[in-house]
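Report on one structure; see the data block that follows.
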Amino acid sequence: MGGVNEIGSNKAVSVATTPPISAPPSQFHSPSLSRSPLLASDDHIQPANKTPRISTPRFVTPLGSPIRRALQLTRLDPHDAWLPITESRNGNAYYAAFHTLCSGIGIQALVLPVAFTILGWTWGIITLTLAFIWQLYTLYLLVQLHESTETGMRYSRYMQLCSATFGEKLAKWLALFPIMYLSGGTCVALIIIGGQTCKMFFDVICGGTCTAQPPTIVEWFLIFTSAAVLLSQLPNLNSIAGVSLIGAITAFGYCTLIWVVSVIEGRTEGVSYNPVRGSTEVTCIFDVFNTFGIVSFAFRGHNLILEIQATMPSEEKHPSSVPMWKGVKIAYTLVAMCLFPLAIGGYWAYGQRIPENGGMLTALFVFHGKDTSQFILGLTSLFVIINALSSFQIYGMPTFDDMESVYVKKKKKALPWWFRAILRAMFGYGCFFVAVAIPFLASLAGLVGGIALPVTLAYPCFMWLKVKKPKAFTPIWCLNWVLGLLGMALSGVLVAAGIYVIIDTGVEVSFFDPR
């Protein structure tokens, strides 16, 4: 008890000498504060305009008995109550499933049959299956790493966990650019895809009968961006749960529509399943590795798992990992029901004729645009647009969080609503500018997949080894070392292969000339 009394006395001195940080009373008792990470002692929080009350500390933490045995106090992070990722912590397994499905499947899945044109039937299916199992395992590791039983910390952001594991400097070198791309770069790609699909939707609806001058592709980009910016004014991650639900439904809808229509219409004339081979042995090898990048790029969303889990309450008997993993299992069951039929059915229907740019969506319009109902084509396009708008919100949220944290940490108060609106509009229209400037970004899927691969397949293994410290040479220790090292090696090879393929085959570069 002497140790407890000493901690209690230190707490009393800290409260008496530290000026309180202003916080709205409604947020002081909210779950977002009661389940926040630890901070330094000078960040204790008191409700505004209230006298500090000194009392014997209670060792009640989200992680229970391990912390009690260590007699550690949980100090609250006042900033989390004002940041969009952690502002609300009343999520559940269903919210997790909505967010995970919306972020885990997207338009990049439609180019999976392109990988089969190089790998063929057998190796294509094997590669897709192994990649799915591998990324699901690393996703499980991230869910388990969200809460630390050693320190009582909740790592609510991927970068936060990387910094705590690898050190701040090394984490920036390893993970900052891939995470930035997976947030901002994905939003740019969504504007390109959304704008192009808006044009396709307009053409389907009008059917050549409209007399009005149709908007240009840049104007479609602008229309899509304006809608995304308007929707981005929802304040926090939990508040977009309904948006993610709509995004998940539309993603599942257009994936199913595309592969079902393609299979029903039958194989195209002159279809061939012979794997495409390069002119030289080196070209063949790099082509194969580039397809691995395409497959890995189809699995996205690992950079958002910790953020999604941060929206959930966590208690000693009910840790957040339980509902989070339940939601992940629901979501990835549906993801598998989309990806495998898309890849296998698409390759069966189009074989080597599958377009590299746009994949299954482009193939649907090119090969079946005239013999398929305009309603089906229009509905598919509309689903793609809605899903792109929904995905923009969840992928933009980490960037919103980073921008707002600068103000919150400096001013120690919530961001005004009008300032939040300006920041998010600046981000949205900044992405629009990049989309217009670099409209060929989607053609770099293999290269980008290689750069972002460690975030999905390698870093979670190393972080688990560093945090959990399993006994050396046990099966789980060996498994994570092998997967982590293989993921890093594969990333380097994929980047080299992506660059080689771009140089060898060429990419139609058109700066400030979207088409």
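Going left to right, the sequence shown walks through residues 1 to 515 as the UniProt record's numbering numbers them. Beta carbons are placed, not taken as given, at the ideal position from N, Cα and C, and that holds for glycine.
*Taking the alpha carbon of Asn290 as the point to measure from, which residue in Leu453, Gly369, Gly358 has its own alpha carbon closest?*
Within the sequence shown, numbered from 1, the residue matching residue 290 stands at position 290. The residue with the shortest Cα to Cα distance from Asn290 is Leu453.
*Three-state secondary structure (DSSP) at Ile502?*
As a working mapping, residue 502 is identified with position 502 in the sequence shown. If DSSP states are grouped into helix, strand and coil, Ile502 belongs with the helices.
*Can you grab the Cα-Cα spacing for the pair Leu230 / Ile223, in whole Å?*
The sequence position of residue 230 within the sequence shown is 230, counting from 1. The sequence position of residue 223 within the sequence shown is 223, counting from 1. So the alpha carbons of these two residues sit roughly 11 Å apart.
_How far does the alpha helix (DSSP H) with Gly270 in it extend, from its first residue to its last?_
For this step, residue 270 is matched to residue 270 along the sequence shown. Here Gly270 belongs to no alpha helix (DSSP H), and DSSP marks it neither H nor E.
*Could you check how far apart the C-beta atoms of Ile107 and Ala435 are, in whole angstroms? I think they sit under 8 Å.*
As a position in the sequence shown, residue 107 is number 107, starting the count at 1. As a position in the sequence shown, residue 435 is number 435, starting the count at 1. In this structure, Ile107 and Ala435 do not form a Cβ contact; the two beta carbons are roughly 14 Å apart against a cut-off of 8 Å.
*Three-state secondary structure assigned by DSSP to Arg154*: Counted from its first residue, the sequence shown places residue 154 at position 154. Three-state result, Arg154: strand.
*Buried or exposed: which applies to Arg420, given that a residue is buried once 16 or more other Cβ atoms fall within 10 Å of its Cβ?*
Reading the sequence shown from its first residue, position 420 is the one you call residue 420. Arg420 is buried by the Cβ-count criterion.
*Which residue or residues does DSSP assign as beta-bridge partners of Glu147?*
As a working note, residue 147 is residue 147 in the sequence shown. Its beta-bridge partners are Arg154.
*What three-state label does DSSP hand residue 567 in the structure shown?*
For residue 567 there is no data in the structure shown, the boundaries of the chain being 1 and 515.
*asked:* What does the alpha-carbon distance come out to for the pair Asn236 and Thr209?
replied: Within the sequence shown, numbered from 1, the residue matching residue 236 stands at position 236. Within the sequence shown, numbered from 1, the residue matching residue 209 stands at position 209. Between Asn236 and Thr209, the C-alpha separation is close to 43 Å.
*Taking one C-beta from the region 450-464 and one from the region 474-490 each time, how about it: are there three or more such pairs within less than 8 Å?*
Because the criterion of three Cβ pairs below 8 Å is met, the region 450-464 and the region 474-490 touch.
*asked:* Quick check on Lys411: does DSSP put it in helix, strand or coil?
replied: As a position in the sequence shown, residue 411 is number 411, starting the count at 1. Three-state DSSP puts Lys411 in a helix.
*Please report the residue range of the alpha helix (DSSP H) in which Ala336 lies.*
Residue mapping note: residue 336 aligns to position 336 of the sequence shown, counting from 1. It spans 321-350 - the alpha helix (DSSP H) in which Ala336 sits, taken as one unbroken run.
*So, are the CB atoms of Thr250 and Asn92 less than 8 Å apart?*
Position 250 of the sequence shown holds residue 250. Position 92 of the sequence shown holds residue 92. With contacts defined by Cβ atoms closer than 8 Å, Thr250 and Asn92 do not form a contacting pair.
_Inside the region 415-485 only - beta strand (DSSP E) runs reaching at least 3 residues_ = Entirely contained in the region 415-485, not one beta strand (DSSP E) run reaches 3 residues.
*Just mark Phe299 as buried or exposed, buried being the case when its beta carbon has 16 or more other beta carbons within 10 Å.*
Translated into positions along the sequence shown, residue 299 becomes position 299. Its Cβ being crowded by 16 or more others within 10 Å, Phe299 is buried.
*Taking Cβ positions, are Leu136 and Tyr350 nearer each other than 8 Å?*
Position 136 of the sequence shown, counted from the first residue, corresponds to residue 136. Position 350 of the sequence shown, counted from the first residue, corresponds to residue 350. Leu136 places its beta carbon 8 Å or farther from that of Tyr350.
*At what residues does the alpha helix (DSSP H) containing Glu307 begin and finish?*
As a position in the sequence shown, residue 307 is number 307, starting the count at 1. Unbroken alpha helix (DSSP H) run through Glu307: 305-309.
*Helix, strand or coil: how does DSSP classify Met488 here?*
Sequence index remark: in the sequence shown, residue 488 carries index 488 (1-based). If DSSP states are grouped into helix, strand and coil, Met488 belongs with the helices.
_Measuring alpha carbon to alpha carbon, tell me which residue in Lys411, Gly492, Ile305, Lys466 is nearest Gly449._
Locating residue 449 in the sequence shown gives position 449, counting from the first residue. Considering only alpha carbons, the answer is Gly492.
*Since Trp220 is in the alpha helix (DSSP H), which residue starts that stretch and which ends it?*
As a first step, residue 220 is located in the sequence shown; it is residue number 220 there, counting from the start. Counted as a single uninterrupted DSSP element, the alpha helix (DSSP H) harbouring Trp220 occupies residues 217-231.
*Is DSSP giving Ala388 helix, strand or coil here?*
To locate residue 388, count along the sequence shown from 1; it is residue 388. In this structure, Ala388 counts as helix in the three-state DSSP scheme.
*Would you decide whether Gln374 is buried or exposed? Buried here means 16 or more other CB atoms lie within 10 Å of its CB.*
Stepping through the sequence shown from its first residue, residue 374 is reached at position 374. In the assembly as shown, Gln374 is an exposed residue. Its beta-carbon has fewer than 16 other beta-carbons within 10 Å.
*Between Val204, Ser183, Ile344, Ala189, which lies nearest to Val263 when the distance is taken from Cα to Cα?*
The residue you call residue 263 lines up with position 263 of the sequence shown. It is Ile344.
*asked:* Using CA atoms only, rank isn't needed, just tell me which of Ala497, Met180, Ile126 is closest to Phe427.
replied: Translated into positions along the sequence shown, residue 427 becomes position 427. Phe427 has its Cα closest to that of Met180, out of Ala497, Met180, Ile126.
*Under the three-state reduction of DSSP, which class applies to Thr165: helix, strand or coil?*
Stepping through the sequence shown from its first residue, residue 165 is reached at position 165. In the structure shown, the three-state DSSP call for Thr165 is helix.
*asked:* Please list the terminal residues of the continuous alpha helix (DSSP H) segment that includes Met200.
replied: The residue labelled residue 200 in the question sits at position 200 within the sequence shown. In the DSSP annotation of this structure, the continuous segment of the alpha helix (DSSP H) that includes Met200 starts and ends at 186-206.
_In this structure, how does DSSP classify Ser88 when only helix, strand and coil are distinguished?_
For the purposes of this step, residue 88 is taken as the residue at position 88 of the sequence shown. Reduced to three states, the DSSP call for Ser88 is coil.
*Helix, strand or coil for Thr129, going by three-state DSSP, please let me know.*
In the sequence shown, counting from the first residue as 1, residue 129 sits at position 129. If DSSP states are grouped into helix, strand and coil, Thr129 belongs with the helices.
*Just the Cα atoms here: how many angstroms apart are residue 518 and Thr283?*
Nothing about residue 518 can be read from this structure; the chain reaches only from 1 to 515.
_Among Val482, Tyr95, Ile354, the one whose alpha carbon lies nearest that of Ile246_ = What you label residue 246 is simply residue 246 of the sequence shown in a count that begins at 1. Of the candidates Val482, Tyr95, Ile354, the one whose C-alpha sits nearest the C-alpha of Ile246 is Tyr95.
*Cβ distance (whole Å) where Gly396 is taken to contact Ser156 below 8 Å*: In the sequence shown, the residue the question calls residue 396 occupies position 396. In the sequence shown, the residue the question calls residue 156 occupies position 156. Contact flag wrong, Cβ pair sits at about 17 Å.
_Cβ neighbours of Ile394 in the same chain (closer than 7 Å, five flanking residues each side left out)_ = Mapped onto the sequence shown, residue 394 falls at position 394. In its chain, beyond the 5 residues on either side, His99, Cys102, Ser103, Ile240, Ser244, Leu304 have a beta carbon closer than 7 Å to the beta carbon of Ile394.
*DSSP state of Ser244, grouped into three classes?*
Working through the sequence shown from its first residue, we reach residue 244 at position 244. Helix at Ser244.
*When the Cα of Phe432 is compared with those of Val467, Pro323, Val218, which residue comes out closest?*
The residue given as residue 432 occupies position 432 in the sequence shown. Answer by Cα proximity: Val218.
_Contact under 8 Å by Cβ, Cys338 with Ile105_ = Position 338 of the sequence shown, counting from 1, holds the residue named residue 338. Position 105 of the sequence shown, counting from 1, holds the residue named residue 105. Between Cys338 and Ile105, the CB-CB gap stays under 8 Å.
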